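Student: Following this message is one structure expressed as structure tokens.
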Ligand code: 13P
């Protein structure tokens, strides 16, 4: 059956020293009392150090972004092969902040996903609607269009993916989707996967919820049958809160 996971997306926060400190605190508080995989997703400059710090633990490290090309004249960019050489296990693709501020398109997101897969890194593919889309009842259409970016993947490749549903209106706003809203969308995503890639791939795919998830609301969200964990922003920057969310399972 599918794995439960809690991933912390640190976004553009923490210096190297602060990130190392936070990771050490997370390791110290993590009592391995449940079978939930922890993933830390720091800024690029911390990846190498945090891979080393976590190497004798069950904690995995992920990247926030990658370029689709293997190498070349792309000043300021990082390739999937560079990430895999560091020991990075997961990679975020299509976070709403990347879609909004860096105009990432479905085409690019498919290419980034394929680049990660070709390096043995597990993509965490993000999707989610804006508030106006939810208010006009377009949220399922939006998420379906975002997932359509992945339609041409083989079932074998899709089976490696994690999906994160992050309603944009809930990110960093303090407003969380209700457990029922999350469940409804997660069930929709699973049905989409089942129709396009088969039921067993859908049943085994971890679908994470993100958007103002914190220790006080994680339990209710994670109790939903199709919510397999969380992609955490703000609360992942505090070791006690991040572990508190993990222990909500
Ligand atoms: P917050 O938990 O800060 O709302 O951020 C969610 C998010 O964007 C994680 O990727």
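Numbering (this note's numbering), first residue to last: 7 to 255. The C-beta atom is built at its ideal place from N, Cα and C for all residues, glycine as well. Please read all numbers here as calculations on a predicted model, not as lab measurements.
Please report the Cβ distance between residue 92 and residue 57, rounded to the nearest whole angstrom; I am assuming they are in contact, meaning their Cβ atoms lie under 8 Å.
Tutor: The sequence position of residue 92 within the chain shown is 86, counting from 1. The sequence position of residue 57 within the chain shown is 51, counting from 1. Right, their Cβ atoms sit about 6 Å apart.
Student: Any idea if residue 138 is buried or exposed, counting beta-carbon neighbours within 10 angstroms, 16 or more meaning buried?
Tutor: On the chain shown, residue 138 is found 132 positions in, with the first residue counted as 1. It is exposed - the Cβ of residue 138 has fewer than 16 other Cβ atoms within 10 Å.
Student: Excluding the five sequence neighbours on either side, which residues of its own chain have a C-beta within less than 6 Å of the C-beta of residue 185, listed in chain order?
Tutor: The sequence position of residue 185 within the chain shown is 179, counting from 1. Once the five neighbours on either side are set aside, the close Cβ partners of residue 185 are 226, 227 and 230.
Student: I need the boundaries of the alpha helix (DSSP H) containing residue 58, first residue and last residue.
Tutor: Position 52 of the chain shown, counted from the start, is the residue given in the question as residue 58. 53-59 is the span of the alpha helix (DSSP H), which, as asked, contains residue 58.
Student: Please list, in chain order, all residues of the same chain as residue 83 whose beta carbon is under 6 Å from its beta carbon, the five residues on each side excluded.
Tutor: Taking the chain shown and counting its residues from 1, the one referred to as residue 83 is at position 77. 73.
Student: Pairing CB atoms from the region 59-78 with CB atoms from the region 36-49, are three or more of them under 8 Å?
Tutor: In short, these stretches touch, since the Cβ pair count reaches three.
Student: Roughly how far, in whole angstroms, is the beta-carbon of residue 169 from the beta-carbon of residue 131, given that I think they are within contact range, below 8 Å?
Tutor: Within the chain shown, numbered from 1, the residue matching residue 169 stands at position 163. Within the chain shown, numbered from 1, the residue matching residue 131 stands at position 125. About 5 Å separates the two Cβ atoms, so the contact holds.
Student: Indicate the three-state DSSP secondary structure (helix, strand or coil) for residue 15 in the structure shown.
Tutor: Residue 15 sits at position 9 when you count from the first residue of the chain shown. Correct three-state label for residue 15: strand.
Student: Going residue by residue through the region 55-129, where are the continuous alpha helix (DSSP H) segments of at least 4 residues, counting only ones entirely within it?
Tutor: Listed in chain order, the complete alpha helix (DSSP H) runs (minimum 4 residues) inside the region 55-129 are 86-92, 102-107 and 112-124.
Student: In three-state DSSP terms, what is residue 239?
Tutor: Locating residue 239 in the chain shown gives position 233, where the first residue counts as 1. Residue 239: coil per DSSP, three-state reduction.
Student: Closer than 7 Å to a non-hydrogen atom of the ligand 13P - does that hold for the CB of residue 136?
Tutor: For the purposes of this step, residue 136 is identified with residue 130 of the chain shown, where counting begins at 1. Checking every heavy atom of the ligand 13P against the Cβ of residue 136, none is found closer than 7 Å.
Student: From what residue to what residue does the beta strand (DSSP E) around residue 43 run?
Tutor: The residue you call residue 43 lines up with position 37 of the chain shown. Where residue 43 is concerned, the enclosing beta strand (DSSP E) stretches over 42-47.
Student: Identify which residue in 206, 247, 251 and 218 has its Cα closest to the Cα of residue 8.
Tutor: Walking along the chain shown from the start, residue 8 turns up at place 2. Residue 8 has its Cα closest to that of 206, out of 206, 247, 251 and 218.
Student: At a cut-off of 7 Å, is residue 185 close to the ligand 13P when judged by its beta-carbon and the heavy atoms of the ligand?
Tutor: If you number the chain shown from 1, residue 185 lands on position 179. Not under cutoff, so the answer is no.
Student: Beta-carbon within less than 6 Å of residue 59's beta-carbon, same chain only, minus the 5 sequence neighbours each way: which residues are those?
Tutor: By 1-based counting over the chain shown, the position of residue 59 is 53. Result list for residue 59: 29, in chain order.
Student: Using the Cα positions of residue 22 and residue 242, report the straight-line distance between them to the nearest angstrom.
Tutor: Here residue 22 refers to the residue found at position 16 when the chain shown is read from its first residue. Here residue 242 refers to the residue found at position 236 when the chain shown is read from its first residue. Spanning the two alpha carbons is a distance of roughly 16 Å.
Student: Identify every run of the alpha helix (DSSP H) within the region 128-194, keeping only runs that are complete inside it and at least 4 residues long; order them along the chain.
Tutor: Correct list: 137-141, 145-153 and 161-164.
Student: Taking the alpha carbon of residue 238 as the point to measure from, which residue in 189, 203 and 180 has its own alpha carbon closest?
Tutor: The residue labelled residue 238 in the question sits at position 232 within the chain shown. Comparing Cα positions, the closest option is 180.
Student: So residue 214 and residue 86 are in contact, right, with Cβ under 8 Å, and what is the actual spacing, rounded?
Tutor: Reading the chain shown from its first residue, position 208 is the one you call residue 214. Reading the chain shown from its first residue, position 80 is the one you call residue 86. So it is not a contact: roughly 21 Å between Cβ atoms.
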